[in-house]
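Working notes, structure below.
In our numbering, the protein residues as written are 46 to 187.
Here you go:
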(Lines of atoms letter the chains of each structure in order from A; the text may use other names.)
(Lines give C-alpha, C1' and ligand atoms only; values in the text may rest on other atoms or scores of the structure.)
Protein backbone atom coordinates (compact mmCIF):
# COMPACT_ATOMS: atom_id res chain seq x y z
CA UNK A 46 0.00 0.00 0.00
CA UNK A 47 2.85 2.41 0.65
CA UNK A 48 3.67 2.53 -3.08
CA UNK A 49 0.30 4.04 -4.00
CA UNK A 50 1.05 7.58 -2.77
CA UNK A 51 4.37 7.61 -4.58
CA UNK A 52 2.62 6.46 -7.74
CA UNK A 53 0.13 9.30 -7.38
CA UNK A 54 2.87 11.87 -6.90
CA UNK A 55 4.84 10.61 -9.86
CA UNK A 56 1.80 10.83 -12.11
CA UNK A 57 1.40 7.08 -12.49
CA UNK A 58 -2.19 7.17 -11.32
CA UNK A 59 -5.18 8.14 -13.48
CA UNK A 60 -5.20 11.82 -14.42
CA UNK A 61 -8.24 12.49 -12.23
CA UNK A 62 -6.77 11.52 -8.87
CA UNK A 63 -8.20 14.44 -6.89
CA UNK A 64 -11.54 12.66 -6.51
CA UNK A 65 -9.72 9.64 -5.11
CA UNK A 66 -7.69 11.60 -2.57
CA UNK A 67 -8.75 11.08 1.03
CA UNK A 68 -10.96 13.66 2.68
CA UNK A 69 -8.90 15.72 5.06
CA UNK A 70 -9.43 19.00 6.84
CA UNK A 71 -7.87 21.75 4.74
CA UNK A 72 -8.16 24.39 7.46
CA UNK A 73 -6.31 22.13 9.90
CA UNK A 74 -3.78 21.42 7.19
CA UNK A 75 -3.11 25.13 6.69
CA UNK A 76 -2.95 25.92 10.40
CA UNK A 77 -1.41 22.77 11.86
CA UNK A 78 0.28 20.61 9.22
CA UNK A 79 1.76 23.22 6.87
CA UNK A 80 3.74 25.00 9.61
CA UNK A 81 5.25 21.66 10.63
CA UNK A 82 6.12 20.79 7.04
CA UNK A 83 7.87 24.14 6.78
CA UNK A 84 9.75 23.48 10.02
CA UNK A 85 10.76 19.85 9.39
CA UNK A 86 10.63 19.25 5.63
CA UNK A 87 10.91 22.29 3.38
CA UNK A 88 14.68 22.79 3.18
CA UNK A 89 16.07 23.17 -0.34
CA UNK A 90 18.05 19.92 -0.02
CA UNK A 91 14.94 18.03 1.08
CA UNK A 92 11.25 18.45 0.26
CA UNK A 93 11.70 22.13 -0.60
CA UNK A 94 13.24 20.91 -3.88
CA UNK A 95 10.74 20.83 -6.77
CA UNK A 96 12.55 17.79 -8.18
CA UNK A 97 11.51 15.62 -5.22
CA UNK A 98 8.50 13.29 -5.53
CA UNK A 99 7.09 14.93 -2.39
CA UNK A 100 7.90 18.62 -2.68
CA UNK A 101 6.29 21.31 -0.55
CA UNK A 102 6.12 25.06 -0.83
CA UNK A 103 7.19 27.05 2.22
CA UNK A 104 8.07 30.59 3.15
CA UNK A 105 11.75 31.42 2.54
CA UNK A 106 12.05 28.19 0.53
CA UNK A 107 10.61 26.82 -2.70
CA UNK A 108 7.82 29.03 -4.10
CA UNK A 109 5.66 29.01 -7.22
CA UNK A 110 6.98 32.50 -7.95
CA UNK A 111 10.75 32.53 -7.30
CA UNK A 112 10.58 36.24 -6.40
CA UNK A 113 8.48 35.29 -3.37
CA UNK A 114 11.48 33.55 -1.82
CA UNK A 115 13.18 36.91 -1.35
CA UNK A 116 10.04 38.88 -0.45
CA UNK A 117 8.80 36.12 1.91
CA UNK A 118 5.02 36.65 1.66
CA UNK A 119 2.64 34.05 3.11
CA UNK A 120 1.92 31.07 0.88
CA UNK A 121 -0.66 31.67 -1.82
CA UNK A 122 -3.88 29.67 -1.84
CA UNK A 123 -2.57 27.82 -4.91
CA UNK A 124 0.63 26.87 -3.05
CA UNK A 125 -1.37 25.72 -0.02
CA UNK A 126 -3.69 23.72 -2.29
CA UNK A 127 -0.69 22.05 -3.96
CA UNK A 128 0.83 21.15 -0.57
CA UNK A 129 -2.54 19.92 0.68
CA UNK A 130 -3.02 17.64 -2.32
CA UNK A 131 0.57 16.34 -2.19
CA UNK A 132 0.15 15.55 1.49
CA UNK A 133 -3.29 13.98 1.09
CA UNK A 134 -1.75 11.70 -1.54
CA UNK A 135 0.43 10.30 1.25
CA UNK A 136 -2.78 9.11 2.92
CA UNK A 137 -4.16 7.27 -0.08
CA UNK A 138 -5.16 3.69 0.68
CA UNK A 139 -3.91 3.57 4.27
CA UNK A 140 -5.73 1.85 7.13
CA UNK A 141 -3.70 3.12 10.09
CA UNK A 142 -1.95 6.47 10.60
CA UNK A 143 1.53 4.92 10.74
CA UNK A 144 0.88 3.38 7.31
CA UNK A 145 1.24 6.92 5.96
CA UNK A 146 4.64 7.98 4.68
CA UNK A 147 3.96 11.35 6.30
CA UNK A 148 4.28 9.67 9.70
CA UNK A 149 6.43 6.61 9.08
CA UNK A 150 9.32 8.11 7.11
CA UNK A 151 10.44 10.86 9.53
CA UNK A 152 9.92 8.67 12.62
CA UNK A 153 12.92 6.85 14.07
CA UNK A 154 13.01 3.13 13.21
CA UNK A 155 13.28 2.31 16.92
CA UNK A 156 9.86 3.94 17.36
CA UNK A 157 8.27 2.09 14.43
CA UNK A 158 9.32 4.37 11.58
CA UNK A 159 10.42 3.19 8.16
CA UNK A 160 13.59 5.23 7.69
CA UNK A 161 14.18 8.59 6.07
CA UNK A 162 17.00 9.77 3.87
CA UNK A 163 16.76 13.21 5.47
CA UNK A 164 17.38 11.82 8.93
CA UNK A 165 15.18 11.32 11.93
CA UNK A 166 12.73 14.15 12.45
CA UNK A 167 10.86 12.51 15.34
CA UNK A 168 12.58 10.22 17.84
CA UNK A 169 9.26 8.88 19.11
CA UNK A 170 5.51 9.31 18.77
CA UNK A 171 5.24 11.61 21.78
CA UNK A 172 6.83 14.57 19.96
CA UNK A 173 4.17 17.33 19.85
CA UNK A 174 4.75 17.96 16.14
CA UNK A 175 4.42 14.25 15.37
CA UNK A 176 1.21 14.09 17.45
CA UNK A 177 -0.24 17.05 15.53
CA UNK A 178 0.45 15.35 12.19
CA UNK A 179 -0.96 12.07 13.51
CA UNK A 180 -4.18 13.76 14.63
CA UNK A 181 -4.66 15.27 11.18
CA UNK A 182 -3.97 11.92 9.48
CA UNK A 183 -6.37 10.12 11.85
CA UNK A 184 -9.09 12.63 10.92
CA UNK A 185 -8.71 11.73 7.24
CA UNK A 186 -9.12 7.98 7.73
CA UNK A 187 -12.49 6.39 6.96
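From the three backbone atoms N, C-alpha and C, an ideal C-beta is built for every residue, glycine too.
Could you tell me the alpha carbon to alpha carbon distance between residue i and residue j, rounded to whole angstroms?
{"i": "residue 119", "j": "residue 138", "result": "31 Å"}
{"i": "residue 127", "j": "residue 155", "result": "32 Å"}
{"i": "residue 59", "j": "residue 97", "result": "In this predicted model, residue 59 has a pLDDT of only 36, less than 50, meaning its place in the structure is not dependable enough to derive any value."}
{"i": "residue 149", "j": "residue 125", "result": "23 Å"}
{"i": "residue 133", "j": "residue 105", "result": "23 Å"}
{"i": "residue 162", "j": "residue 146", "result": "13 Å"}
{"i": "residue 178", "j": "residue 83", "result": "13 Å"}
{"i": "residue 103", "j": "residue 168", "result": "24 Å"}
{"i": "residue 52", "j": "residue 66", "result": "At residue 52 the pLDDT is 39, less than 50, meaning the model places this residue with poor confidence and gives no usable figure here."}
{"i": "residue 144", "j": "residue 170", "result": "14 Å"}
{"i": "residue 164", "j": "residue 157", "result": "14 Å"}
{"i": "residue 172", "j": "residue 185", "result": "20 Å"}
{"i": "residue 152", "j": "residue 110", "result": "32 Å"}
{"i": "residue 140", "j": "residue 183", "result": "10 Å"}
{"i": "residue 129", "j": "residue 142", "result": "17 Å"}
{"i": "residue 187", "j": "residue 136", "result": "11 Å"}
{"i": "residue 73", "j": "residue 131", "result": "15 Å"}
{"i": "residue 71", "j": "residue 121", "result": "14 Å"}
Can you list, in chain order, the residues of its chain with a C-beta nearer than 8 Å to that of residue i? Leave out the 5 residues immediately preceding and following it.
{"i": "residue 107", "result": "87, 89, 93, 94, 95, 100, 101 and 114"}
{"i": "residue 160", "result": "150 and 154"}
{"i": "residue 91", "result": "97 and 163"}
Kindly indicate which three-state DSSP category residue i falls into: helix, strand or coil?
{"i": "residue 143", "result": "helix"}
{"i": "residue 82", "result": "helix"}
{"i": "residue 107", "result": "coil"}
{"i": "residue 182", "result": "helix"}
{"i": "residue 114", "result": "helix"}
Under the DSSP definition of a beta bridge, which residues are partnered with residue i?
{"i": "residue 152", "result": "167"}
Going along the chain, which residues of its own chain have a beta-carbon closer than 6 Å to the beta-carbon of residue i, five neighbours each way excluded?
{"i": "residue 174", "result": "81"}
{"i": "residue 85", "result": "166"}
{"i": "residue 69", "result": "133 and 185"}
Excluding the 5 residues flanking residue i on each side, which residues of the same chain have their C-beta closer than 7 Å to its C-beta?
{"i": "residue 75", "result": "125"}
{"i": "residue 77", "result": "177 and 181"}
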